[in-house]
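Participant: The structure that follows is given in the form of C-alpha coordinates.
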Amino acid sequence: MEIRGDVYDRNCPTRVIANHATGQWGSLVLGKLLDGTKRFSELRRAVSGVSEKMLAQTLQALERDGLVHREVHPVIPPRVDYSLTPLGTHAAKQIVGLFGWIEENLPDFLAAQEEYDARRTENV
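Given below as C-alpha coordinates:
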(Lines of atoms letter the chains of each structure in order from A and count residues from 1; the text may use other names and numbers.)
(Lines give C-alpha, C1' and ligand atoms only; values in the text may rest on other atoms or scores of the structure.)
Protein backbone atom coordinates (compact mmCIF):
# COMPACT_ATOMS: atom_id res chain seq x y z
CA MET A 1 0.00 0.00 0.00
CA GLU A 2 1.51 3.29 -1.09
CA ILE A 3 1.01 6.28 1.18
CA ARG A 4 1.51 9.67 -0.39
CA GLY A 5 1.15 13.04 1.18
CA ASP A 6 -0.14 16.34 -0.12
CA VAL A 7 2.23 19.06 0.99
CA TYR A 8 -0.41 21.65 0.10
CA ASP A 9 -2.85 20.22 2.66
CA ARG A 10 -2.32 21.91 6.01
CA ASN A 11 -2.92 18.64 7.89
CA CYS A 12 -0.44 16.58 5.88
CA PRO A 13 2.60 15.24 7.77
CA THR A 14 4.64 15.94 4.64
CA ARG A 15 4.75 19.59 5.69
CA VAL A 16 6.30 18.77 9.04
CA ILE A 17 9.01 16.58 7.51
CA ALA A 18 9.66 19.13 4.75
CA ASN A 19 10.01 21.85 7.37
CA HIS A 20 12.52 19.77 9.34
CA ALA A 21 14.59 18.88 6.26
CA THR A 22 14.45 22.21 4.44
CA GLY A 23 14.25 24.66 7.32
CA GLN A 24 17.10 27.02 8.05
CA TRP A 25 19.06 24.63 10.25
CA GLY A 26 17.85 21.25 9.01
CA SER A 27 19.08 21.79 5.48
CA LEU A 28 22.48 22.99 6.69
CA VAL A 29 22.88 20.07 9.11
CA LEU A 30 21.94 17.56 6.41
CA GLY A 31 24.38 19.20 4.02
CA LYS A 32 27.23 19.01 6.53
CA LEU A 33 26.47 15.40 7.42
CA LEU A 34 26.76 14.51 3.75
CA ASP A 35 30.51 15.04 4.31
CA GLY A 36 30.48 12.22 6.88
CA THR A 37 29.81 11.38 10.52
CA LYS A 38 30.14 14.29 12.91
CA ARG A 39 29.99 14.86 16.64
CA PHE A 40 27.65 17.49 18.07
CA SER A 41 30.50 19.96 18.68
CA GLU A 42 31.78 19.49 15.12
CA LEU A 43 28.33 20.24 13.71
CA ARG A 44 27.99 23.30 15.92
CA ARG A 45 31.28 24.69 14.61
CA ALA A 46 30.50 23.74 11.01
CA VAL A 47 27.03 25.35 10.94
CA SER A 48 27.82 28.95 11.79
CA GLY A 49 25.18 30.76 13.83
CA VAL A 50 23.22 27.78 15.16
CA SER A 51 22.72 27.74 18.93
CA GLU A 52 23.32 24.62 20.97
CA LYS A 53 19.61 24.39 21.78
CA MET A 54 18.51 24.80 18.16
CA LEU A 55 21.06 22.26 16.93
CA ALA A 56 19.85 19.73 19.51
CA GLN A 57 16.22 20.30 18.50
CA THR A 58 17.08 20.06 14.81
CA LEU A 59 19.00 16.81 15.25
CA GLN A 60 16.15 15.31 17.29
CA ALA A 61 13.61 16.20 14.60
CA LEU A 62 15.80 14.83 11.81
CA GLU A 63 16.43 11.65 13.79
CA ARG A 64 12.70 11.20 14.42
CA ASP A 65 12.01 11.63 10.70
CA GLY A 66 14.53 8.90 9.87
CA LEU A 67 17.04 11.21 8.20
CA VAL A 68 19.76 11.17 10.86
CA HIS A 69 21.22 8.31 12.89
CA ARG A 70 22.43 9.05 16.42
CA GLU A 71 24.98 6.67 17.90
CA VAL A 72 25.94 6.88 21.56
CA HIS A 73 29.30 5.31 22.40
CA PRO A 74 29.63 3.87 25.93
CA VAL A 75 32.79 5.75 26.86
CA ILE A 76 33.70 8.39 29.41
CA PRO A 77 33.23 11.16 28.60
CA PRO A 78 30.16 10.19 26.55
CA ARG A 79 30.58 10.42 22.80
CA VAL A 80 27.69 10.80 20.39
CA ASP A 81 28.08 10.61 16.63
CA TYR A 82 25.56 11.77 14.04
CA SER A 83 25.38 10.42 10.52
CA LEU A 84 22.91 10.25 7.67
CA THR A 85 20.62 7.31 7.12
CA PRO A 86 20.11 6.16 3.52
CA LEU A 87 16.96 8.31 3.46
CA GLY A 88 18.94 11.23 4.87
CA THR A 89 21.69 10.80 2.29
CA HIS A 90 19.15 10.98 -0.51
CA ALA A 91 17.53 14.09 1.00
CA ALA A 92 20.90 15.76 1.64
CA LYS A 93 21.98 15.25 -1.98
CA GLN A 94 18.82 17.01 -3.16
CA ILE A 95 19.36 19.89 -0.73
CA VAL A 96 23.04 20.28 -1.61
CA GLY A 97 22.01 20.33 -5.27
CA LEU A 98 19.67 23.22 -4.52
CA PHE A 99 22.46 25.00 -2.62
CA GLY A 100 24.71 24.60 -5.67
CA TRP A 101 22.05 26.02 -7.97
CA ILE A 102 21.55 29.01 -5.65
CA GLU A 103 25.31 29.62 -5.50
CA GLU A 104 25.60 29.40 -9.31
CA ASN A 105 22.83 31.96 -9.70
CA LEU A 106 23.82 34.19 -6.78
CA PRO A 107 24.67 37.20 -8.98
CA ASP A 108 21.16 37.07 -10.45
CA PHE A 109 19.58 36.82 -7.00
CA LEU A 110 21.63 39.75 -5.70
CA ALA A 111 20.76 41.87 -8.75
CA ALA A 112 17.05 41.08 -8.28
CA GLN A 113 17.27 42.09 -4.63
CA GLU A 114 18.99 45.37 -5.51
CA GLU A 115 16.34 46.14 -8.15
CA TYR A 116 13.56 45.36 -5.70
CA ASP A 117 15.11 47.52 -2.98
CA ALA A 118 15.60 50.40 -5.44
CA ARG A 119 11.94 50.22 -6.51
CA ARG A 120 10.80 50.16 -2.90
CA THR A 121 12.82 53.25 -1.96
CA GLU A 122 11.55 55.11 -5.05
CA ASN A 123 7.96 54.48 -3.98
CA VAL A 124 8.43 55.72 -0.42
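Using my numbering, read the sequence shown as starting at 382 and increasing by one per residue. Built from N, CA and C at the ideal position, the CB exists for glycine as well.
Going by DSSP, which residues form a beta bridge with His450?
Facilitator: Ser464
Participant: What does DSSP give as the partner residue(s) for Cys419 in the beta ladder?
Facilitator: One detail in the question is off: residue 419 reads as Lys in this sequence, not Cys. Lys419 is bridged to Tyr463.
Participant: With Tyr497 as the anchor, note down where its alpha helix (DSSP H) starts and where it stops.
Facilitator: Leu487 to Glu503
Participant: With a threshold of 8 Å on Cβ separation, who are the neighbours of Asp387 within its own chain once the five nearest residues in sequence on each side are excluded?
Facilitator: Cys393 and Thr395
Participant: Could you round the C-beta distance between Val449 and Leu440 to whole angstroms and report it? I think they count as a contact, below 8 Å.
Facilitator: 6 Å
Participant: Residues in the same chain with beta-carbon distance under 8 Å from Arg451, minus the five sequence neighbours each way, listed in chain order, please.
Facilitator: Leu440, Glu444, Val461, Asp462 and Tyr463
Participant: Does the beta-carbon of His401 have 16 or more other beta-carbons within 10 angstroms, so that it is buried, or is it exposed?
Facilitator: Answer is buried; the Cβ neighbour count reaches 16.
Participant: If you draw a straight line from the alpha carbon of Phe480 to that of Phe421, how long is it in whole angstroms?
Facilitator: 23 Å
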